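Okay, structure first, notes after.
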Amino acid sequence: MMGSGSGSGKTAMGGNSSAPIGSNIQTQQIMAALQQATAPSPNVSSPEEPLATASDLGASMAGLNFSLRSTEDRILKKMAASQAALQQQLLQQQQHYIGNLQHIILQQNAWIEQRLSQQ
Numbered sequence: 001m002m003g004s005g006s007g008s009g010k011t012a013m014g015g016n017s018s019a020p021i022g023s024n025i026q027t028q029q030i031m032a033a034l035q036q037a038t039a040p041s042p043n044v045s046s047p048e049e050p051l052a053t054a055s056d057l058g059a060s061m062a063g064l065n066f067s068l069r070s071t072e073d074r075i076l077k078k079m080a081a082s083q084a085a086l087q088q089q090l091l092q093q094q095q096h097y098i099g100n101l102q103h104i105i106l107q108q109n110a111w112i113e114q115r116l117s118q119q
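For the sequence shown, the positions run 1 to 119 when UniProt numbering is used.
In structure tokens, the structure reads:
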């Protein structure tokens with residue numbers, strides 16, 4: 001079943017969360033409604049009677065779809081933020097590398113000028 005296991009321990013906004021994905025109250029309420037809608041009722045006289053109506057299951061499925069979409073949105077936002085942070089870090093490393101190269105070139109130019117002046 002999808003959603004089993006625990007989450008990463010971080011929320012979309014960067015805070016810590018020990019709750020696994022799917023453990024929020026809305027998801028728990030939807031799962032309880034699904035279990036209640038599909039559980040046999042003690043006053044059902046015939047096993048041929050439907051245990052849950054299509055409307056009940058449709059509402060539960062809509063709730064689960066909403067929960068999945070909101071979870072997906074949180075994951076996508078976190079991925080975008082991580083990508084932006086990595087790009088910023090890469091840019092800083094490239095700028096540092098370019099600065100080092102410029103320093104080396106200046107040192108080499110100074111050395112060459114010194115050699116030429118000695119001739």
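Ideal Cβ positions, reconstructed from N, Cα and C, are used throughout, including at glycine.
Predicted model, so just to flag it, every value in this text is computed and none were measured.
Can you give me the start and stop residues for the alpha helix (DSSP H) that residue i sits inside?
{"i": "N24", "result": "Here N24 belongs to no alpha helix (DSSP H), and DSSP marks it neither H nor E."}
Helix, strand or coil for residue i, going by three-state DSSP, please let me know.
{"i": "T71", "result": "helix"}
{"i": "Q119", "result": "coil"}
{"i": "L101", "result": "helix"}
{"i": "S55", "result": "helix"}
If contacts are defined as beta-carbon pairs under 8 Å, then residue i and residue j qualify, I think. What distance do you get, rounded to the angstrom?
{"i": "S82", "j": "I30", "result": "Contact flag wrong, Cβ pair sits at about 29 Å."}
{"i": "A33", "j": "S60", "result": "5 Å"}
If you compare alpha carbons, which of the options is closest to residue i?
{"i": "T71", "options": "Q26, S117, Q118", "result": "Q26"}
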